[in-house]
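Student:
Residue numbers (this note's numbering), protein chains in the order written: chain A, 186 to 508; chain B, 186 to 508.
This is the structure:
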């Protein structure tokens, strides 16, 4: 142990020589990029009035529409439909409603026909009745081959390169990076560490009910039907309080589901940065805000200026979108 | 920032020279101490078959009876009774039951007279109707002067010195240390960082309901009546799964409320260490196990040998108990 630490320390002595490379190469040289870098410089410079100790450098990001794409539906729903189809192959009797039948047939329109109730039915059916570890393995397996229903691109590749760079940059500068998403916690953990470099304990999300039982001699945590916590809107500050217990100093979102988290975090003392990814790029991604059925952004658009939040113009601020 | 990192790295180059000091000076040189050190050595030595990467070195500890004392009642109940008394000074009409009246009068027997229902009534009444930050400040203020009802010793000093040393030792060896307790999450966060060196995001506990609201223009998280999560028994593995998302490799508890957490964690692959603090020292602390109304330990005593869990004999294994 000591030998290893010693060599790690020696490496660190060299590794921390100043590097002048651009930390955000996929961001155009706009005011947006300047403001992000100025915030990081100010909060990490001990000589700055805005210096923040590493323990308080908490940065939280929404996932759907902020770190990866979310159109035409949350990718978690695509997984849920796929799993309903696979479950129905084993046992067709699970298809007890038109919505579940549509899901099993890959009929997105039919799956959406019952609104939120139908979506919950699909998610609860597909996300329960197995152990947490089996579920995370199933998501991971699905992601190996899942492609986008419109573009045919691999789902796992539909993450935003500029945000990957931002996450790395923040961590290099001593920030802890968290996901705070309405998405399911076990769903996101199946890829968050590999894709975003965010370990499981820094993934906060919605959660179904779960239970502990010794099954055939094996202590197991099972995913059960029912919803334990919805990490959206007012749920986001509550989720952050319960899991982190500190108010973040940097928050990134993209929809009005992130409004309360932005409002709460940026109202704290000291330097704060709120940012909203505005989907303005119909050519390279999608363009949507107020009227979108997914990721609707209205209040955030109206109030971001007055609140000093940074509106990221995807079309103008991002040189590249995809990795 | 770079300058600071560089000096941190230079410091590290010297700080990691081997140190031969005993990491656990308050532990007697018994088999218990040897097993703990052997486990840490094996899991941190890259040449060992039992080597565990730092990211997976998760150690979790119960709080009441494991990190600090819990007799004659959980100290959180003493706080709750004190707060009920202070609340009643402002508004006597809150004392709507005999149990609450007893609590306000500092009558422990009366407060316990209604069993668990009464305790929940006292805790819910005293732990709601204020913001999380006001609550944590109130707990912190209380701890400045709170003394034990039997010994008159400061409550905040009734932590176990051997466990403080174990926490530090584990962190020095690259473990992340967590609390996983039936105690309230906001109650424990008021002192966990100062006393145990455990930051808020590594405190897992029971939680009341909470809500987010903008009150007089101030975004606030309020503690509400009602219980959101009970982090005890089967709740402990579930709390760990939801908050950490990894199975700990080292677990410390003291009562049957920790059984499921010990069972689940020690059933994982690779090296595992489960430990139970057995309260055997009536002279320096308290001696209790099977028949105690607080921290009852029965199944853990019966099964610890067969499961390979380490039973810590407080009287024999600890040279000192208090800091």
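Think of the CB as a built atom: it goes at the ideal place given N, C-alpha and C, for glycine as much as any other residue.
What is the C-beta distance between residue 451 of chain B and residue 492 of chain B, in whole angstroms, given that I count them as a contact (C-beta under 8 Å)?
Tutor: Yes, they are in contact, since the Cβ atoms of residue 451 of chain B and residue 492 of chain B sit about 7 Å apart, within 8 Å.
Student: Starting from the C-beta of residue 417 of chain A, find all residues in its chain whose C-beta is less than 6 Å away, skip the five residues before and the five after it, and write them out in chain order.
Tutor: Counting only Cβ-Cβ distances below 6 Å, and skipping sequence neighbours, we find 367 and 442.
Student: Report yes if the C-beta distance between residue 536 of chain B and residue 253 of chain B is below 8 Å; otherwise report no.
Tutor: The question about residue 536 of chain B has no answer here: the residues shown for chain B are numbered 186 through 508.
Student: Excluding the 5 residues preceding and the 5 following residue 266 of chain A in the sequence, name in chain order all residues of the same chain whose CB lies nearer than 7 Å to its CB.
Tutor: Around residue 266 of chain A: 288, 291, 296 and 307.
Student: Buried or exposed: which applies to residue 335 of chain B, given that a residue is buried once 16 or more other Cβ atoms fall within 10 Å of its Cβ?
Tutor: Exposed, because fewer than 16 other Cβ atoms sit within 10 Å of the Cβ of residue 335 of chain B.
Student: Measure the C-alpha to C-alpha separation of residue 316 of chain B and residue 379 of chain B and round it to an integer number of angstroms.
Tutor: Looking at the two C-alpha atoms, the distance is approximately 21 Å.
Student: Does the segment 384 to 392 of chain A come close enough to the segment 264 to 282 of chain A to have 3 or more Cβ pairs within less than 8 Å?
Tutor: No: the two stretches stay apart, fewer than three of their Cβ pairs being nearer than 8 Å.
Student: If you draw a straight line from the C-alpha of residue 141 of chain B to the C-alpha of residue 284 of chain B, how long is it?
Tutor: Residue 141 of chain B falls outside the range modelled here, since chain B spans only 186 to 508, and no answer is possible.
Student: How about residue 508 of chain A and residue 342 of chain A: are their beta carbons less than 8 Å apart?
Tutor: Yes, Cβ-Cβ distance for residue 508 of chain A and residue 342 of chain A is below 8 Å.
Student: Pull out every residue of the segment 410 to 436 of chain B whose Cβ sits closer than 7 Å to any Cβ of chain A, in chain order.
Tutor: Cβ contacts with chain A: 419, 422, 423, 426, 427, 428, 429, 430 and 431.
Student: Would you say residue 406 of chain B reaches chain A, if we count a Cβ-Cβ gap shorter than 8 Å as a contact?
Tutor: At least one chain A Cβ lies under 8 Å of residue 406 of chain B.
Student: Beta carbons nearer than 9 Å to chain B: which residues of the segment 237 to 253 of chain A have them?
Tutor: Correct list: 240 and 243.
Student: Go through its chain and collect everything with a Cβ distance to residue 320 of chain A's Cβ below 6 Å, but skip five positions before and after it.
Tutor: Correct list, in chain order: 371 and 408.
Student: Nearest-angstrom Cα distance between residue 255 of chain A and residue 345 of chain A?
Tutor: Their backbone Cα atoms lie some 11 Å apart in a straight line.
Student: So what does DSSP say about residue 529 of chain B, is it helix, strand or coil?
Tutor: Since the first and last residues shown for chain B are 186 and 508, residue 529 of chain B lies out of range.
Student: Taking Cβ-Cβ distances below 7 Å as the criterion, which residues of the segment 482 to 495 of chain A are in contact with chain B?
Tutor: Under the 7 Å Cβ criterion, the segment 482 to 495 of chain A contributes no residue.
Student: Looking at the strands, I want to know which residues DSSP matches up with residue 245 of chain A.
Tutor: The partner list for residue 245 of chain A (beta bridge, DSSP) reads A:363 and A:436.
Student: DSSP state of residue 383 of chain A, grouped into three classes?
Tutor: Coil.
Student: Name the residues in the segment 302 to 331 of chain A whose C-beta lies less than 7 Å from a C-beta of chain B; which are they?
Tutor: Result list: 317.
Student: By Cβ distance, which residues of its chain are closer than 6 Å to residue 224 of chain A, with the 5 residues on each side in sequence left out?
Tutor: Excluding sequence neighbours, residue 224 of chain A sits near 458.
Student: Determine the DSSP secondary structure at residue 494 of chain A, reduced to helix, strand or coil.
Tutor: If DSSP states are grouped into helix, strand and coil, residue 494 of chain A belongs with coil.
Student: To the nearest angstrom, how far is the alpha carbon of residue 406 of chain A from that of residue 424 of chain B?
Tutor: In a straight line, the C-alpha of residue 406 of chain A is about 11 Å away from that of residue 424 of chain B.
Student: Only counting runs of 4 or more residues, tell me where the alpha helix (DSSP H) segments fall wholly within the segment 288 to 344 of chain A, in order along the chain.
Tutor: For the segment 288 to 344 of chain A, whole alpha helix (DSSP H) runs of length 4 or above, ordered along the chain, are 293 to 297, 300 to 311 and 317 to 330.
Student: Put residue 275 of chain B into one of helix, strand or coil per three-state DSSP.
Tutor: If DSSP states are grouped into helix, strand and coil, residue 275 of chain B belongs with the helices.
Student: Measure from the alpha carbon of residue 282 of chain B to the alpha carbon of each residue in B:303, B:294, B:350 and B:275, then state which is nearest.
Tutor: Comparing Cα-Cα distances from residue 282 of chain B to each of B:303, B:294, B:350 and B:275, the minimum goes to B:303.
Student: Three-state secondary structure (DSSP) at residue 452 of chain B?
Tutor: In this structure, residue 452 of chain B counts as coil in the three-state DSSP scheme.
Student: Quick one: is residue 396 of chain B near chain A, going by C-beta distance under 8 Å?
Tutor: Chain A, which has a Cβ nearer than 8 Å to the Cβ of residue 396 of chain B, makes this yes.
Student: Return the CA-CA distance between residue 218 of chain A and residue 209 of chain A, expressed in angstroms with no decimal places.
Tutor: So the two alpha carbons sit approximately 8 Å from each other.
Student: Beta carbon of residue 461 of chain A, beta carbon of residue 480 of chain A: below 8 Å?
Tutor: Going by C-beta atoms, residue 461 of chain A is not nearer than 8 Å to residue 480 of chain A.
Student: Please list the partners that residue 449 of chain A has in chain B, where partner means a Cβ-to-Cβ separation under 8 Å.
Tutor: Neighbours of residue 449 of chain A on chain B, chain order: 397, 404 and 406.
Student: Which chain A residues are close to residue 370 of chain B, counting only those with a beta carbon under 8 Å from its beta carbon?
Tutor: Ordered by position in chain A, the residues that pass the 8 Å Cβ test against residue 370 of chain B are 427 and 430.
Student: Between residue 393 of chain A and residue 364 of chain A, is the Cβ-Cβ spacing less than 8 Å?
Tutor: No, the Cβ-Cβ distance between residue 393 of chain A and residue 364 of chain A is not below 8 Å.
Student: Mapping DSSP to helix, strand and coil, what is residue 235 of chain B?
Tutor: It is coil, neither helix nor strand.
Student: Apart from the five residues just before and just after residue 497 of chain A, which ones in its own chain have a Cβ nearer than 8 Å to its Cβ?
Tutor: Excluding sequence neighbours, residue 497 of chain A sits near 217, 460, 461, 462, 463 and 503.
Student: Just to confirm before moving on: does the CB-CB distance between residue 490 of chain B and residue 482 of chain B stay below 8 Å?
Tutor: Result no, Cβ atoms of residue 490 of chain B and residue 482 of chain B do not sit closer than 8 Å.
Student: Is the shortest distance between the beta-carbon of residue 385 of chain B and the beta-carbons of chain A less than 8 Å?
Tutor: Closer than 8 Å to some Cβ of chain A, the Cβ of residue 385 of chain B qualifies, so yes.
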